[in-house]
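Numbering (my numbering), first residue to last: 13 to 477. Quick reminder that beta carbons are idealized off the backbone N, C-alpha and C, glycines included. Fair warning: this is a prediction, and the values are worked out from it, not measured in the lab.
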């Protein structure tokens, strides 16, 4: 006991009988530890408003990553750890960037070697219907081996789907930041199927008559980027990066808004004019040219929309009758815009692949009371205002979400981490997929034929429809 005590005795003369104890220096903190400490503090301060909503235990995250930072020896390890940290934010926009003015650029970022391996997809995407999983689309390598849309997939890499999916979601969440459960799910069933180029994927599936078969697919050619609809309407016209248009067999207009790029409004105006958005059903126009049947309704499909940016009022104004202004539930009244605006009934289609500006533009139709929305799920919930966090080592910086976009949506909670939920959830019908029919486009056509007027504040019948 006594050996644990340090006693300093001062004699009458004031001289010390023993020297003062030596100061034990604190362990030196590495630049990587300093970066991590700053990152944890800054992310808590800037992104903390999302922690409760997204059920993030930041105290545990801080403990785990503070401990892990002590073991970091290289810039590459540090980069990988920061990527893992941002994955815990559950923020689809979050990313580690090269620090401004630092020694790294996007061309020489020290990604771990195993992250640099080229990847390919198997040539199919999946959809979940209840507790089962079906091939949503099949092409390239998968199609050549006999996989077709509508088949039930029972296992991947010799794991039942019940085991494969949770394992895949956990694996993806180690490195990727997902803003919501639906964001992660749709990624897993599409891009999550990709793997190292020339690796193999074992798939067990059921044919239409119930016979089980197994195939091994070499991942060598197929893209892993979701296209949007499961089946494109025949005779569609693609106008550029953002818009495709067609007419359904029932005569309804169809727009696929794939991206929100610079030419969106120009492409949209072209498509609306081609669809006859301004037609009134009169035999002749005011200028004496022949008239055509009025477009009875419009489907706007946002599935696969990867975002971008546009003037939101100019976009939404394309769906207000010419020369009119209509009220909105979450914003000020909206005036008509564009040369060929459409004022009739609209059904919007979304799912968990719709992100960022795709969510704000599609969401306005529902949240402002302009259209009826259907989808397999809410949108991804990846729509926010971002900031850049500098770190003291000057190697990397962090780009993260700090506030939600469209904060009036969802009763004042915004979009980030939530998404925009459809009025009606619609799952694919395997028999539709097998027949080359997109169930959601089919359902949208049914709704336009018998429109749910009571669910949509805007009533196109008051505007001539």
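If you drop the 5 nearest sequence neighbours on each side, which residues of the same chain put their C-beta closer than 7 Å to that of residue i?
i	result
residue 426	416, 417, 418 and 419
residue 180	200 and 204
residue 247	258
residue 241	268, 313, 315, 450 and 453
residue 465	471
residue 80	93
residue 289	307, 352, 353 and 354
residue 455	386 and 438
Looking at residue j and residue i, is the spacing between their C-beta atoms short of 7 Å?
i	j	result
residue 431	residue 88	no
residue 382	residue 353	no
residue 8	residue 102	There is simply no residue 8 to check, as the chain begins at 13 and stops at 477 in what is shown.
residue 365	residue 198	yes
residue 255	residue 280	yes
residue 134	residue 68	no
residue 351	residue 385	no
residue 152	residue 233	yes
residue 209	residue 132	yes
residue 445	residue 359	no
residue 10	residue 367	Since the first residue shown for the chain is 13 and the last is 477, residue 10 is missing from the structure and cannot be characterised.
Taking the alpha carbon of residue i as the point to measure from, which residue in the options has its own alpha carbon closest?
i	options	result
residue 423	282, 58 and 379	379
residue 245	206, 311 and 165	311
residue 92	55, 104 and 77	77
residue 136	465, 474 and 202	202
residue 221	275, 277, 197 and 164	164
residue 461	129, 243, 208 and 263	263
residue 236	154, 158, 360 and 177	154
residue 95	455, 317 and 408	408
residue 46	72, 82, 60 and 71	82
residue 142	463, 215 and 438	438
residue 156	231, 387 and 348	231
residue 115	376, 319 and 405	405
residue 98	346, 400, 217 and 359	400
residue 391	371, 118 and 376	371
residue 349	318, 100, 367 and 278	278
Expressed to the nearest angstrom, what Euclidean distance is found between the alpha-carbon atoms of residue i and residue j?
i	j	result
residue 269	residue 357	17 Å
residue 343	residue 110	38 Å
residue 148	residue 162	6 Å
residue 85	residue 51	18 Å
residue 373	residue 324	7 Å
residue 369	residue 477	29 Å
residue 362	residue 62	24 Å
residue 122	residue 150	36 Å
residue 249	residue 327	20 Å
residue 145	residue 188	23 Å
residue 473	residue 239	34 Å
residue 48	residue 253	40 Å
residue 186	residue 173	20 Å
residue 6	residue 411	Lying before the first or after the last residue shown, residue 6 is absent from the chain, which here runs from 13 to 477.
residue 333	residue 355	4 Å
residue 168	residue 206	12 Å
residue 17	residue 41	At residue 17 the pLDDT is 32, less than 50, meaning the model places this residue with poor confidence; the figure from the coordinates comes in the next sentence. Using only the alpha carbons, I get a separation of about 30 Å.
residue 58	residue 402	12 Å
residue 54	residue 60	9 Å
residue 475	residue 74	57 Å
residue 158	residue 421	44 Å
residue 1	residue 215	Outside the displayed range of the chain (13 to 477) lies residue 1, so it cannot be described from this structure.
residue 347	residue 375	18 Å
Going by DSSP in three states, residue i sits in which element: helix, strand or coil?
i	result
residue 126	helix
residue 77	helix
residue 110	strand
residue 215	strand
residue 118	coil
residue 45	helix
residue 70	helix
residue 250	strand
residue 424	helix
residue 470	coil
residue 322	coil
residue 171	strand
residue 389	coil
residue 464	coil
Which residues in the same chain have their Cβ closer than 8 Å to the Cβ of residue i, if we skip the five residues on either side of it in sequence?
i	result
residue 397	413, 414, 415, 416 and 417
residue 429	62, 65, 66, 102, 191, 192, 393 and 416
residue 14	For residue 14, the pLDDT reaches just 34, beneath the cut-off of 50, and the residue's location in the model is therefore unreliable, although a value from the coordinates is still provided. The answer is none, since no qualifying residue turns up.
residue 176	167, 168 and 169
Kindly list the residues whose CB is nearer than 6 Å to the CB of residue i, restricted to its own chain and excluding five residues on each side of it in sequence; keep chain order.
i	result
residue 322	272 and 276
residue 90	44 and 84
Please find out if some non-hydrogen atom of the ligand HEM comes closer than 6 Å to the beta-carbon of residue i.
i	result
residue 248	Ligands are entirely absent from the displayed structure, and the ligand HEM is therefore not among its contents.
Against chain D, with Cβ distances strictly below 7 Å, would residue i count as a contact?
i	result
residue 200	Checking the listed chains, one finds no chain D in this structure; it contains a single protein chain.
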